[in-house]
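4 protein chains.
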Amino acid sequence: MAGDRPGRKRSEVSRAAILEATRDELTAEGYDRLSIDRIATAAGVGKQTIYRWYPSKSELVADCILAGYIVRPVIMTPDTGDVRRDIATWIRSFAKESRTPSAASLTRAITAAAAEDNAVAAHYQDQVTITQETLVTRLRAGVDAGQLQKDTGVSTVAETVVGALLYRILTRQELDDVFVDELVELIFSGIVNREER
Amino acid sequence: MAGDRPGRKRSEVSRAAILEATRDELTAEGYDRLSIDRIATAAGVGKQTIYRWYPSKSELVADCILAGYIVRPVIMTPDTGDVRRDIATWIRSFAKESRTPSAASLTRAITAAAAEDNAVAAHYQDQVTITQETLVTRLRAGVDAGQLQKDTGVSTVAETVVGALLYRILTRQELDDVFVDELVELIFSGIVNREER
Amino acid sequence: MAGDRPGRKRSEVSRAAILEATRDELTAEGYDRLSIDRIATAAGVGKQTIYRWYPSKSELVADCILAGYIVRPVIMTPDTGDVRRDIATWIRSFAKESRTPSAASLTRAITAAAAEDNAVAAHYQDQVTITQETLVTRLRAGVDAGQLQKDTGVSTVAETVVGALLYRILTRQELDDVFVDELVELIFSGIVNREER
Amino acid sequence: MAGDRPGRKRSEVSRAAILEATRDELTAEGYDRLSIDRIATAAGVGKQTIYRWYPSKSELVADCILAGYIVRPVIMTPDTGDVRRDIATWIRSFAKESRTPSAASLTRAITAAAAEDNAVAAHYQDQVTITQETLVTRLRAGVDAGQLQKDTGVSTVAETVVGALLYRILTRQELDDVFVDELVELIFSGIVNREER
DNA sequence: AGCTAAACGAGACGGTACGTCCCGTCTTCAT
DNA sequence: ATGAAGACGGGACGTACCGTCTCGTTTAGCT
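Residue numbers (the numbering used here), protein chains in the order written: chain G, 1 to 197; chain S, 198 to 394; chain Y, 395 to 591; chain W, 592 to 788.
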């Protein structure tokens with residue numbers, strides 16, 4: 001069989017401890033100030049056990065994301081039949097959850113990590129895609145129901161929404177109701193003045 | 198007179214050398230791997246000369262932005278009378294410029310810096326605001342001309358556009374024509390299906 | 395019968411491989427830089443197989459000496475009837491053999507080991523004693539033959555000779571003919587001037 | 592002028608602290624178990640300050656000897672006119688001093704160091720030479736006074752005496768009166784039986 | 001012209017963290 | 001039961017940088 005090599009197996013206990021410690025450090029200190037020494041100590045693990053599995057700080061963070069230690073809780077939206085209301089609810093939930101200081105700082109940290117490293121960026125992308133899934137699904141249902149235009153670039157819309165929200169988080173601006181409302185209005189109605197057409 | 202203290206004056210040659218070296222390091226290595234020692238050596242300057250003026254890495258980067266060493270070239274748009282065409286042109290220019298590898302990596306580095314540090318974030322915000330200025334001005338003109346809706350949240354629109362573009366840069370996705378076109382369509386027309394109203 | 399326990403018996407092949415690898419490491423690197431990991435790899439043996447039999451680095455080296463992997467070839471001297479000539483021959487042989495670079499470095503390594511560790515020192519002492527044996531025997535024969543003084547502290551003489559030789563090896567001085575001749579003269583005749591008595 | 596380089600000067604306080612800590616570690620742990628980390632901590636010094644001046648553990652120990660932090664107190668001998676008595680006194684003093692546990696362990700450590708490293712060996716040699724100086728001087732005076740044979744290889748005698756003593760220290764044998772007396776007898780009278788000539 | 005003082009390059013300092021090597025132990029599979 | 005393979009918690013290695021602190025030197029304003 002494949003995995004029947006001799007030698008001790010990888011300790012899942014250690015793996016979990018390392019990833020938890022990494023997430024905590026990331027939240028508390030940010031990506032820039034991550035310290036492998038500190039993570040090892042906090043996880044009660046030898047440094048080599050970290051380096052054995054992760055060639056670099058970024059791979060560690062990447063696995064942290066992959067293993068689901070750094071997740072925005074997936075936001076669900078009921079399908080009330082009114083797309084705009086449902087999407088607005090989703091955005092409002094996201095905004096609310098983002099106002100938690102620790103969530104915001106973890107988001108900033110992980111975004112910085114993604115910005116600086118290719119490997120992290122890939123996993124980050126996957127993770128955000130999952131977050132967007134509900135949004136995309138609801139939008140698609142709206143298209144099918146004829147409420148949204150047939151040729152709507154559903155994923156572009158989702159990305160634009162998430163991009164706008166992340167931008168506010170990164171620049172440390174409030175995700176307040178005014179912004180959310182304007183964003184929803186923008187997304188749905190656009191800015192063209194149709195009265196004078 | 199103020200500032201007429203005795204002693205040697207701050208060397209502008211050194212200041213410029215430091216900021217240039219910082220920008221180069223930032224482009225090449227990213228914010229995370231910035232090294233003051235290396236900057237000092239590259240700039241041919243003693244470390245103390247850096248620390249005399251910048252209490253920390255982030256302040257240095259902040260001044261680097263402030264002094265215009267890290268700028269996206271301000272993109273101008275002619276007012277052809279057609280708002281949508283003009284905005285599309287602006288976005289397309291931004292996208293094109295962002296496809297330069299060094300511009301993209303510098304953008305990522307500085308965004309990471311902003312994500313991790315408050316002081317940088319503030320200057321970053323200012324800088325992006327300047328970048329958005331043309332966009333905002335053109336949009337406002339469109340509103341005045343009656344082409345756009347009166348209550349358009351002009352700066353929210355600008356932020357959403359920039360947010361979406363930055364998001365693509367951060368996640369290392371192509372800023373291709375399809376995305377740009379869909380973004381423009383989204384911004385102007387929204388996604389609601391007006392046929393079946 | 396004793397030792398008839400169940401299970402696989404200790405592999406003499408492994409034991410030999412370990413001791414040989416230890417001797418080689420010792421010669422090449424010295425006691426200070428001995429590495430159990432490297433020995434295990436070189437011997438094609440698991441580390442545990444070493445630790446099962448040797449509680450520490452020093453015990454390993456001690457057994458290495460005990461098992462005769464680290465020996466100065468026993469120097470024999472014919473009994474020509476002339477003690478002084480025979481002893482001189484012995485010393486000259488020892489000196490010659492010590493001029494081999496690998497023999498010298500192994501001697502230094504093992505001496506360092508003995509200096510730093512009690513257990514090694516004991517075995518070292520035994521080993522040197524064996525080396526001295528021929529010397530002591532020949533000296534004793536000389537005493538019996540009336541050529542040497544009756545109350546000669548035979549083992550003190552042997553130790554002094556060996557001590558002097560080792561001292562030259564440790565300090566990396568040549569064991570040249572001049573030194574050997576002076577040593578022999580010293581041992582046999584002493585330094586007192588008998589002419590003017 | 593020569594030494595007018597820019598930059599902060601080497602801290603003599605740190606140098607002294609490092610050498611003292613090294614000597615203490617050497618006495619307590621031996622050469623093999625020397626730890627630069629521990630020395631740095633004990634000396635209240637950054638590790639780099641050690642590595643800046645000493646490329647390796649052995650260079651550090653070498654400077655420690657050179658700077659006189661590891662010395663056997665120089666043993667003086669009055670010239671009573673009786674060479675044998677004076678030399679015996681010297682040896683007895685050396686033996687007595689060597690019975691101090693810390694002196695013995697430091698001697699063993701430094702001898703191990705000399706055995707394993709060329710650079711240390713050179714300085715060690717110098718240091719021992721100084722120790723032997725008194726001995727050599729007294730012997731030479733004995734030769735001049737006609738008490739010793741004219742062609743006595745004075746330094747070979749000194750080396751043999753010291754070599755024999757060090758050998759006993761290395762192998763952890765007592766430097767008792769019996770040994771000392773036999774050594775003195777051997778050195779002065781040799782072992783040849785003159786009665787029956 | 002001489003004095004005082006700030007800024008400069010250079011570089012040593014006490015430290016923190018890095019990524020690697022090795023220690024001695026423990027676990028797993030194969031013989 | 002023994003053995004090789006190899007992961008584990010931990011200690012030390014030698015290096016890179018941090019931010020601070022002297023140094024000798026240069027440049028300015030003030031007397």
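Backbone N, C-alpha and C fix where the C-beta goes; we use that ideal spot for every residue, glycine too.
- Taking a contact to require three or more Cβ pairs closer than 8 Å, the stretch 543-550 of chain Y and the stretch 716-724 of chain W do not qualify as touching.
- A Cβ-Cβ separation of about 18 Å leaves residue 693/W out of contact with residue 762/W under the 8 Å criterion.
- For residue 556/Y, the neighbours in chain W by C-beta distance under 8 Å run, in chain order, 758.
- With its beta carbon at least 8 Å from every one in chain W, residue 491/Y lies outside the interface.
- In the pairwise beta carbon analysis, the stretch 423-433 of chain Y is classified as touching the stretch 502-519 of chain Y: at least three pairs are separated by under 8 Å.
- Here residue 192/G is bridged, per DSSP, to 345/S.
- Proximity of residue 629/W to chain Y, defined by a Cβ-Cβ separation below 8 Å, is not satisfied.
- For residue 642/W, the nearest beta carbon of chain Y is not closer than 8 Å to its own beta carbon.
- Interface with chain Y (8 Å Cβ-Cβ cutoff): residue 723/W is excluded.
- For chain W, the residues of the stretch 506-530 of chain Y that bring a beta carbon within less than 9 Å of one of its beta carbons are 506, 507, 508, 509, 510, 511, 512, 515, 516, 518, 519, 522, in chain order.
- Between the stretch 568-583 of chain Y and the stretch 721-738 of chain W, the count of Cβ pairs shorter than 8 Å is below three; the stretches do not touch.
- The beta carbons of residue 114/G and residue 104/G sit about 16 Å from each other, so the pair does not count as a contact at 8 Å.
- Between residue 56/G and chain S, the shortest Cβ-Cβ separation is not below 8 Å.
- Excluding five sequence positions before and after residue 189/G, none of the CB atoms of its chain fall closer than 8 Å to its own CB.
- By the Cβ neighbour-count rule, residue 416/Y is buried, with 16 or more other Cβ atoms within 10 Å of its own.
- The CB of residue 267/S never comes closer than 7 Å to any CB in chain G; the least such distance is about 14 Å.
- For residue 369/S, the nearest CB of chain G lies under 8 Å from its own CB, placing it at the interface with that chain.
- The beta carbons of residue 448/Y and residue 457/Y sit closer together than 8 Å.
- Here the alpha carbons of residue 86/G and residue 80/G stand approximately 7 Å from one another.
- Taking all protein chains shown into account, residue 665/W has fewer than 16 neighbouring C-beta atoms within 10 Å of its C-beta and is therefore exposed.
- The stretch 707-783 of chain W is shown to contain no whole beta strand (DSSP E) run of 3 or more residues.
- Rounded to the nearest whole angstrom, the CA to CA distance from residue 142/G to residue 390/S is 10 Å.
- Residues of the stretch 332-349 of chain S whose Cβ lies closer than 7 Å to any Cβ of chain G, in chain order: 343, 344, 345, 346, 349.
- Around the beta carbon of residue 12/G, fewer than 16 other beta carbons sit within 10 angstroms, so the residue counts as exposed.
- Contact between residue 295/S and residue 366/S holds, with the beta-carbon distance rounding to 6 Å and staying under 8 Å.
- Per DSSP, reduced to three states, the secondary structure at residue 111/G is helical.
- Proximity to residue 273/S across 336/S, 240/S, 381/S, 215/S peaks at 336/S, based on C-alpha coordinates.
- Sixteen is the threshold: since fewer than 16 other Cβ atoms of the shown chains lie within 10 Å of the Cβ of residue 341/S, the residue is exposed.
- Distances from the CA of residue 412/Y to each of 460/Y, 490/Y, 403/Y, 438/Y were compared; the closest alpha carbon is that of 438/Y.
- Of the other Cβ atoms in all chains shown, fewer than 16 fall within 10 Å of the Cβ of residue 637/W; this residue is therefore exposed.
- The C-beta of residue 71/G has fewer than 16 other C-beta atoms within 10 Å across all chains shown, which makes the residue exposed.
- Between residue 360/S and residue 167/G a beta carbon distance of about 3 Å is seen, short of the 8 Å cut, so the two are scored as contacting.
- For residue 424/Y, a Cβ of chain W is located within less than 8 Å of the residue's own Cβ.
- Runs of the alpha helix (DSSP H) lying entirely within the stretch 629-713 of chain W, each at least 4 residues long, are 638-644, 648-657, 674-689, 692-707 in chain order.
- Straight-line measurement puts the Cα of residue 680/W at about 9 Å from the Cα of residue 669/W.
- When 8 Å is used as the limit between beta carbons, residue 586/Y is near these residues of chain W: 675, 738, 739, 740, 779, 780, in chain order.
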